[in-house]
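Novice:
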Amino acid sequence: MTGTTDNLDLLRLLAGAGLLILLGRAATRRAGFRIAPGELALDGAVGLSLAVPVAFGCLAFGVPLPPRVIAGAEALSAVLLSLALRRRRQRLPDESLPAPVSEHRGLRSLSAILSAAAFAVCVWKWGRVPLWSWDHYAIWGMKARKLFPFSSLDLEMFRLPTLTVSNPQYPLGLPVGWRLLTLGDPSARAFRGAHALFGLGALLALRQGVRRATGSDVLANTLGGVLCLSPLFWDSEALGLAEMPLAFLAVAAAALLLELRHSQAGPAGAAWAAGAAIGFVSWIKQEGVVLTGLLLLLGIVVVVVSRRSPSDRRRLVAALVLPAVVVAGAGWWLDRVLLPRGFGFFVGNWRERGLARVHDPLPILRGLARELLSTDWLGFWIVMSIVFAVAVFRRRSTAVFVLSAVAADLAAFASVYVFTYLDPAEHIASSFFRIAAATVPLALLGGALLAERSAPREGAGSGGRRV
């Protein structure tokens, strides 16, 4: 009986993921039925970014969503959107992308095998370690299990004084997303499976972004293997938490932006899909609000520096900014209106605390350095600092922009420790490691852009046109 239940959980998870990918594939206006794993990962990110806000709105306003309704709505939305956009789709022409690098076939195969093996080991580990994190049982997993009695949204429980420590103000995008992925039944096995799917999505989205920017399969596979060896994948505390989904959506949004940079056919569709994914990053957790702002700024810069006419730039900026602002703004409004406030880190006299700590910043700086230089990182942040310096020296603007977004995200949350009502050293030790881990795929993508190759200029090749 247990084996049958486990198989049913897996089938539900795969069906939920497939429906979201189908929805995202329709929304991104990809032509044909090519099965490119990296594209499917980006489609899944877009599908999740569109489906969760709609589902959240339905639940918040009393529309029940039992599992069959969830599955039917996702499938119907994908079909209708696909039909609506059918005539407007255009295949991305090959000449709009950097030419693939000439690489030895054996080296490509070896790098792919090693990357796949590293991920397989991670999946093996995720299937055996327990869901042991306090944050899972008190915050994320608890919300996914308890917020949806009879498939409707119940927020009254958060008004109980005993649940104040469960951070009721945290965004609910991830719990709702788990419900959509599992078609309404997030069991313990399903949480592990969803974690593996988000991890696979982060790996494939990173590989897609690197391959599109550099033309190198070997580099894409190698960086995918590095990601699988990072604390984001190896830290068992992250199982059932929000860091992996946040990392997946952030790197997928960045990869969509890079596609937008090179896209010559139908870039408006790529722009609004990227904008929706960027806006949805803020639905995952509070750290995502900062990443949404940084990624949106990155997207605007990518469009502005592209070789397009001023009118095309204005059109693409609007196509990117509008969905990002709508999705992020809807999440902010719903959180503020529907969710009670828990304890924030700025309660009490935060100005006095901040002034005192600014005058003696060494304890905080030592704590941050201790986390970033931990042996668990295997020198990752040292290497990324060197890569950032090389990018600046070589004037690799896109690499500098992406790595600056990572640095700004870490700096933004490092500043919280200056004002927190908690002991700064304990607060850093309990949170900064996971905050940094969520930026690893984005940092790897930024580092890979050192090797970015330029797309052929307009008129090169078989005559691809720039829109």
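All residue numbers for the sequence shown refer to our numbering, where the first residue is 208 and numbers rise by one. Note that the Cβ used here is the ideal one computed from N, Cα and C, for glycine as well. All of these numbers come straight from a predicted model, not from anything done at the bench.
1. Assign residue 234 to one of three DSSP states: helix, strand, or coil.
2. Between residue 578 and residue 640, is the Cβ-Cβ spacing less than 7 Å?
3. If residue 647 sits next to residue 454, beta carbons under 8 Å apart, how far is it from one beta carbon to the other, in whole angstroms?
4. Assuming residue 399 contacts residue 490 (C-beta within less than 8 Å), just tell me the rounded distance between them.
5. For residue 553, which of helix, strand or coil comes out of DSSP?
6. Counting only the same chain and skipping the five closest in sequence on each side, list residues whose C-beta sits under 7 Å from that of residue 466.
7. With a threshold of 6 Å on Cβ separation, who are the neighbours of residue 555 within its own chain once the five nearest residues in sequence on each side are excluded?
8. Please state whether DSSP places residue 344 in a helix, a strand or coil.
9. In whole angstroms, give me the CA-to-CA distance for residue 621 and residue 496.
10. Check this for me: beta carbons of residue 654 and residue 594, under 7 Å apart or not?
11. Is the beta carbon of residue 445 less than 7 Å from the beta carbon of residue 330?
12. Does the distance from the C-beta atom of residue 421 to that of residue 660 stay below 7 Å?
13. Count the other CB atoms within 10 Å of the CB of residue 309; is the residue buried (16 or more) or exposed (fewer)?
14. Using only alpha-carbon positions, find the residue among 430, 365, 339, 251 that is nearest to residue 326.
15. Please state the DSSP three-state secondary structure of residue 491.
16. Leaving out the 5 sequence neighbours to the left and right, which residues in its chain are closer than 6 Å to residue 319 when beta-carbon positions are compared?
17. Mind the definition here: the stretch 523 to 539 touches the stretch 582 to 596 only if three or more C-beta pairs lie below 8 Å; say whether that holds.
18. Helix, strand or coil, according to DSSP, for residue 385 in the structure here?
19. Identify whether residue 318 lies in helix, strand or coil by the three-state DSSP scheme.
20. Who are the Cβ neighbours of residue 414 in its own chain at under 6 Å, not counting the five residues just before and after it?
21. What is the DSSP secondary structure of residue 566, reduced to helix, strand or coil?
22. Rounded to whole angstroms, what's the CA-CA distance from residue 438 to residue 354? Just pull it up for me.
23. Cα separation between residue 397 and residue 562?
24. My understanding is that residue 460 touches residue 488, with C-beta atoms under 8 Å, so please give their C-beta distance in whole angstroms.
25. Excluding sequence positions up to five away, which residues of its chain have a Cβ less than 8 Å from the Cβ of residue 224?
26. Using three-state DSSP, classify residue 269 as helix, strand or coil.
27. Is DSSP giving residue 377 helix, strand or coil here?
28. Using a Cβ-Cβ cutoff of less than 8 Å, which residues in the same chain neighbour residue 346 once the five nearest sequence positions on both sides are dropped?
Specialist: Well, looking at it:
1. As a working mapping, residue 234 is identified with position 27 in the sequence shown. Three-state result, residue 234: helix.
2. Here residue 578 refers to the residue found at position 371 of the sequence shown. Here residue 640 refers to the residue found at position 433 of the sequence shown. Going by C-beta atoms, residue 578 is nearer than 7 Å to residue 640.
3. What you label residue 647 is simply residue 440 of the sequence shown in a count that begins at 1. What you label residue 454 is simply residue 247 of the sequence shown in a count that begins at 1. At roughly 7 Å, the Cβ-Cβ gap stays under 8 Å, so residue 647 and residue 454 are in contact.
4. Position 192 of the sequence shown holds residue 399. Position 283 of the sequence shown holds residue 490. Actually they do not touch by this definition, with Cβ atoms about 22 Å apart.
5. Your numbering for residue 553 matches position 346 in the sequence shown. Coil.
6. Taking the sequence shown and counting its residues from 1, one reaches residue 466 at position 259. Counting only Cβ-Cβ distances below 7 Å, and skipping sequence neighbours, we find 419, 477.
7. Within the sequence shown, the letter at position 348 stands for residue 555. The residues are 628.
8. Taking the first residue of the sequence shown as position 1, residue 344 is located at position 137. Residue 344 falls in the helix class under three-state DSSP.
9. Taking the first residue of the sequence shown as position 1, residue 621 is located at position 414. Taking the first residue of the sequence shown as position 1, residue 496 is located at position 289. Each residue's Cα considered, the two are about 15 Å apart.
10. Residue numbering aside, residue 654 sits at position 447 when the sequence shown is read from its first letter. Residue numbering aside, residue 594 sits at position 387 when the sequence shown is read from its first letter. Their beta carbons are under 7 Å apart, which means residue 654 touches residue 594 by this criterion.
11. Working through the sequence shown from its first residue, we reach residue 445 at position 238. Working through the sequence shown from its first residue, we reach residue 330 at position 123. Their beta carbons are not under 7 Å apart, which means residue 445 does not touch residue 330 by this criterion.
12. As a working note, residue 421 is residue 214 in the sequence shown. As a working note, residue 660 is residue 453 in the sequence shown. Yes, the pair counts as a contact, with Cβ atoms nearer than the cut-off.
13. Locating residue 309 in the sequence shown gives position 102, where the first residue counts as 1. Residue 309 comes out exposed.
14. Taking the sequence shown and counting its residues from 1, one reaches residue 326 at position 119. That would be 430, whose Cα lies nearest to the Cα of residue 326.
15. Position 284 of the sequence shown, counted from the start, is the residue given in the question as residue 491. In the structure shown, residue 491 sits in coil (DSSP, three-state: anything other than H, G, I, E or B).
16. Within the sequence shown, the letter at position 112 stands for residue 319. 428.
17. no
18. Along the sequence shown, one-based indexing puts residue 385 at 178. Note: residue 385 maps to helix in three-state DSSP.
19. Taking the sequence shown and counting its residues from 1, one reaches residue 318 at position 111. Helix at residue 318.
20. Position 207 of the sequence shown holds residue 414. Only 245, 427, 431 meet the Cβ criterion.
21. As a position in the sequence shown, residue 566 is number 359, starting the count at 1. Three-state DSSP puts residue 566 in a helix.
22. Indexing the sequence shown from 1 puts residue 438 at position 231. Indexing the sequence shown from 1 puts residue 354 at position 147. Looking at the two C-alpha atoms, the distance is approximately 30 Å.
23. Counting from 1 along the sequence shown, the entry for residue 397 is found at position 190. Counting from 1 along the sequence shown, the entry for residue 562 is found at position 355. Near 46 Å, if we compare the C-alpha coordinates of residue 562 and residue 397.
24. Sequence index remark: in the sequence shown, residue 460 carries index 253 (1-based). Sequence index remark: in the sequence shown, residue 488 carries index 281 (1-based). Yes, residue 460 and residue 488 are in contact; Cβ-Cβ is about 6 Å, under 8 Å.
25. Sequence index remark: in the sequence shown, residue 224 carries index 17 (1-based). If we look at residue 224 and ignore the five residues flanking it on each side, its Cβ neighbours are 251, 388, 404.
26. Locating residue 269 in the sequence shown gives position 62, counting from the first residue. If DSSP states are grouped into helix, strand and coil, residue 269 belongs with coil.
27. Numbered from 1 along the sequence shown, position 170 holds the residue referred to as residue 377. It is coil, neither helix nor strand.
28. As a working mapping, residue 346 is identified with position 139 in the sequence shown. Counting only Cβ-Cβ distances below 8 Å, and skipping sequence neighbours, we find 373, 374, 377.
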